[in-house]
Each structure stands twice: as C-alpha cells, then as structure tokens.
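Encoded as structure tokens, the structure appears first; notes follow it.
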C-alpha cells in the first residue's frame, strides 16, 4: 500500500516529508538510552525530520528477537536500527507501576508507551505497542510531550468523532467489537467519542437533523452497508442545509462538511472494502485515527421530486428479490439466510425478467488502455482533471422559441426541426426485458465477489456503470453469477451490456395482457354514487309558476344546454317530465311562491322534493333462503381466491430496488452521479 493522501479535488498525491509543517524545523533532537524488550537502544526523537529512531547498543551482535522483525507503520528496519515516522504514531502515554490504592496517573514511572501499527498482509493493519523503559520521569515526560505536540499539529487527524452503531448488523457482535477493539484504540489515541446505538430505521436520519456538526471532526458508521448508506445520506443532507443548497431533482449538491468513517461489522461490507480494501474493524479504526481519506463516488436517488437517499450500488430485479427473501428468512431464524435467499430466488418459478423503460445520459468513453484496469491506490482513472476556464463560463440557454400561430403561420421557420432536436437530446432510451439492472459507483468488493461486483468500476471517476442483464435461460444466468467468485470478467457475455452513464431514469412497465375480474363491482351502487356526486356539487332554490316555469321563463333551451352526455341523464329528464304534469292540488298564481313550491329544489338540473316524508315498508321483507346463503358464501370464497391471485400476480410482475442492502419498493426512480 503506497503512502498516498488526496487533495481538495480528490487527486491522489504521494506524501513527502516536505508536506508537513515546518514549525519544528528548529527543534533539537532528543537522544537517550532506553530499554526495549530487555535490550538497550539509543532512542533519538527528531521533530525536525518527523521521525523517532532507535538503534541497538551492541551493533555487532544483533539480538535474535529483532532478527526477523517487521517495520512499524511506514518505517524501516535494517541491521538493528528502527525508524518510525511520528505521523504513524496513534498515541503516547507514560507507563507507571501502581499499587492497589493508587489512581490513574499515579505511581512509579517505568518509561513511556507508543501506540502504532503494523501491516499484516494486503491492506490489513494491526495495532502494536512499543514500550520504551526508563526510570527518569522527566526524560519520559519530555519525549511524551514532544510526540503529543507533533501529533496535535497534524490538522487531518480527528479530535472528536460521532459514532452510529448498529448492534444488529451481521453477526450481532458490533457491541463487543466496539467495547473490546474500537474503543480502547480511540481512548489510547485520546479521542473524544460519542457513540449512539441505532434503535430503528429512521434513528440516524432523525439524529442527523438535530446534530451539531461543529462539535465533531468525523462521523462514523459502525455496521453494514445499510448503516453506512444511512449515515452518508444524513451527512450529505445536513451539509446541503449548511451550504444553503436547495434539494430538488437535478440539483448539484455540495460536498460533505466532514469525512465519513466506516467500521465494517455487517455481512457484505462492500462500501468499506471498496474504500480500504478489507472489512476488518481494527484496520478501519486505525485509518480513522490516522485521518486517512479515500474519495468515493455517490449518486442521488429521487422519486419524482423527492430525494429518497444517496446510494453507492443500486440493483433491481434478481438482487432486489434476493434482499426481499433475506429479510423474510432472517425473521424466521433460518441458518445461513443469505445463501438460502439466493437459492430461493434462483428457483424456476421465481426467476424471471422484468419489462422496463430506461433513459440515460451517456458519459465519455474510457480510454482503451484503462478499460481493463482495476481501481487501486493511486489509480490514474480516478484522477480528476482540472476544469478549464472555458468550461466554467459555459451557460446553458434555451434555443427553442415559443410558437405563435398568428405570426407567419405558413413559414416553415416557425416549426421545430424534430430530427435536429433528437440529435441534440443527450438522453438515450432503452425498452427491454431484463433480469437484473445495476448501477455501480464503486467496485463493490465483498466475500461473494472478491474481485468486485463490477470488476472495472472506479471509485472516483465521476461516472456510474449501468449493467443490464438481458432475458436469458436459468442456466446462463447461473453462469453469470458464478463468474463473480473467480477472476474472470462477469460482464464478458453477449447478454450483458455495460454503459458508462451520468444520469438514469428507470420506469417499470406493467404488461396489459393479464385481466382481473372485479367481483365486488356493483352497477347499482356505481349509478347511485354518480347521482349523489352530482347532487352535492351545488344546490339552489328555484321559484316555479303554475306552468312549471322559473320566473316566467322556459327551461327548454337552458336545460338542454346544461345536460351532460352521461347515460344517467335520461332518468333525470323523466323525473323532470313527471314534475311538469298537471296537478289538481297546486294552488297560487304565477309569480307567487306557495308552500308546495318551496318543497322543491334543483340540483344540477335534477328536481327533487325536500319535504319530510314518512317512510313505510311496502310488502313483506325478503328473507334469504338457505340456497341463497350458500350461493353468497361460495361467491365470497371465489372473490377471496381472485384477490389472492391478483396480489400474487402483481407481486410477481414487479421487483424492488436493492440500494446498499436497503429495500426500496418505489419502482420509478431517478439516479444522478453527484461526486
């Protein structure tokens, strides 16, 4: 692992001694003899060069204990001489011998202890203690204070962190890992820690709204990929409020105000492995304490105009079904539920394709020499080129003029050239039947895909990889899945398309060939409902004369103009004709209102009697026979079976989104690469 850091634009830069603060250039070196593992060493602390070194007193006879010794941190070891950069020291404290009645900080001084790390294999770091024994407390204090003063001057080191711990992630051992491994390291590094246990799905989102980010230097997600996604989404959302950025579809968000730390304790942990190359909690903690940073791409996920979350890897289809089965099998306490969910989703009755419409904006094609290059430390593909002044001054303007039918209507210049508009449109469309749709902003290294879910994706190239798996037979799809576990390219199939994109719009298409019989539909209730809706719109009182006229005017033309084209209007006309029939009981003269006339109201051209009427039952009440009850019972059973069949068919025709191991049932989503 090369020693790299990153500038403000995310470009990898190799660290050198000249990159550090020159405030210690005039500091004198400290040299004394200390005892390390029973042997005497000349220990030299040089703040000017930023190193602490120790050499054995008897150089001619190197002790067997250090013959095959490994260097600490990024230091070196040669012929009995160790060199350790001070920037690789996590913490330092005085070593004391205490009695039972003595407190912390009391007792006889025995030396000082330095906490650093060693490399164990690729990307794996382990903490190591180096004990420098010396009886003089003044000398030990001098060494200890000088090292602390140098470490405090490193601005990229966090001083206070906020941890969100998901205790139910993975094997449910996050609490023991935090207590036995993570917290002791942070306490030795004298780091202020504020830990919160996640209680429910919205806990992180709710806390991030009220969290004062000025009190912390880093926010840490301790859990699986779902926890890391929630913390990242909460941090980015809070950062938009700090920078006064309006969150809407298509917006360009501001970068996070502080780094995000990830301590992996989940099942897949592909976000952490894509960042540090391993899912070891101790390694991740050491990187957080050292202040090492790795830029990662992330995309925004919108549903219409509402921001759902931010995401690293999103998949629809097969992987969405797998996550859905994982959730159900986990509640049933099925052993090895992850493997069982994959087998469950691969059954012939459940493995299917999905009709969908995909629109995307393609990104620039990658140079052929980088197409087969995997993302590693110092990757040249992830290097961000500087933006030129011409690109910064580009202003988007609308070139389509409004069409006016009154001006030059016969002039062809007023019509839009659709062929040119189609050529200038950056969006591309795909309508296909696909078994799995995936969007990758990071490679996604995990135990089931050691070389990555998307082998040649890059973590900081500013684009997404859109992977489409076409409708194929079950045997070929299993071949595609098995490729993830070996070194072969899993996308080297004819039925797999990989497209570099910047934005994606996904819309599922429901087939129209399947019909559903709605047994609960009633024609009588439907007509009565329409009649009530018209009556409730408006209600006015009218005055009628002896001839059935309103204020002496005829309703013939007005009524015909106001009638709608509905079939129910025929019944209304009949009611109106009945009202105009001669009635011997009608009294009064034209223009004067009688008591009977006040009993009638008009509602949407429907005349009705509003006077109180005594309701009486006409004839005996109908009582259902046993045959009618049995027939109704069979009908209810048929309706229940039909409803169950409908729900099962609708569930089969659509899948769910798997966004960083979080289920999202919203099918129509928009994705945009933001970093």
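Numbering (full-length UniProt numbering), first residue to last: 1 to 675. Cβ atoms here follow ideal geometry from the backbone N, Cα and C, with glycine treated the same way. Please read these numbers as outputs of a predicted model, since none were measured by experiment.
- Membership of residue 197 in any alpha helix (DSSP H) is not indicated; the residue belongs instead to the beta strand (DSSP E) covering 192 to 197.
- Taking residue 116 as the centre and dropping the five residues before and after it, the same chain places the C-beta of 72, 73, 84, 88, 89, 90, 128 and 130 closer than 7 Å to its C-beta, in chain order.
- Annotated as proximal: residue 470 and residue 434, with beta-carbon spacing under 8 Å.
- For residue 310, the uninterrupted beta strand (DSSP E) segment begins and ends at 306 to 311.
- Taking the C-beta atoms as reference points, residue 29 is found nearer than 8 Å to residue 45.
- Membership of residue 353 in any beta strand (DSSP E) is not indicated, and neither H nor E is assigned to it by DSSP.
- Between residue 184 and residue 291, the gap from beta carbon to beta carbon reaches 8 Å or more.
- With a cutoff of 8 Å on beta-carbon distance, residue 276 and residue 218 are scored as not near each other.
- Within the region 68 to 146, the runs of beta strand (DSSP E) at least 3 residues long that lie entirely inside it are, in chain order, 76 to 78, 81 to 85, 91 to 97, 108 to 119 and 125 to 133.
- Residue burial annotation: residue 427 is exposed, with fewer than 16 other C-beta atoms found within 10 angstroms of its C-beta.
- Remark: C-beta atoms of residue 444 and residue 452 approach each other more closely than 8 Å.
- At least 8 Å separates the beta-carbon of residue 282 from that of residue 175.
- Residue 502: not part of any alpha helix (DSSP H); member of the beta strand (DSSP E) spanning 496 to 508, first to last residue.
- The beta strand (DSSP E) runs of length 3 or more contained entirely in the UniProt domain "DAGKc" (156 to 305) are, from start to end of the chain, 160 to 165, 192 to 197, 218 to 223, 260 to 264 and 299 to 303.
- When DSSP reads this structure, residue 53 sits in a beta bridge with 44 and 83.
- Counting other Cβ atoms within 10 Å of its Cβ, residue 249 stays below 16 and is therefore classed as exposed.
- The alpha-carbon of residue 122 is positioned some 16 Å away from that of residue 374.
- DSSP, reduced to helix, strand and coil, places residue 469 within a strand of the structure shown.
- Under the three-pair Cβ rule at 8 Å, the region 651 to 661 counts as touching the region 223 to 235.
- Contact annotation: the region 502 to 511 touches the region 355 to 370, with at least three C-beta pairs closer than 8 Å.
- Residue 664 is bridged by DSSP to 657.
- Here residue 99 is exposed, its C-beta having fewer than 16 other C-beta atoms within 10 Å.
- Under the three-state reduction of DSSP output, residue 316 falls in the strand class.
- Collapsing the DSSP output to three states places residue 455 in coil.
- A residue is called buried when at least 16 other Cβ atoms come within 10 angstroms of its Cβ; residue 368 does not meet this threshold and is exposed.
- With respect to residue 337, residue 322 sits apart: the two C-beta atoms are not nearer than 8 Å.
- Residue 38 counts as exposed, since fewer than 16 other C-beta atoms from the protein chains shown sit within 10 angstroms of its C-beta.
- Under DSSP, residue 35 takes part in a beta bridge, and its partners are 40 and 133.
- Under the three-state reduction of DSSP output, residue 380 falls in the coil class, being neither helix nor strand.
- Per DSSP, the beta-bridge partners of residue 670 are 302 and 505.
- The C-alpha of residue 50 is placed about 54 Å away from the C-alpha of residue 656.
- With a 10 Å radius around the Cβ and a threshold of 16 neighbouring Cβ atoms, residue 273 comes out buried.
- Residue 529 and residue 465 have their C-alpha atoms spaced approximately 52 Å apart.
- Taking all protein chains in view, the Cβ of residue 459 is crowded by 16 or more other Cβ atoms within 10 Å, so the residue is classified as buried.
- Boundaries of the beta strand (DSSP E) harbouring residue 437: 428 to 440, taken from the DSSP string.
- For residue 30, the pairing in a beta bridge is given by DSSP as 45.
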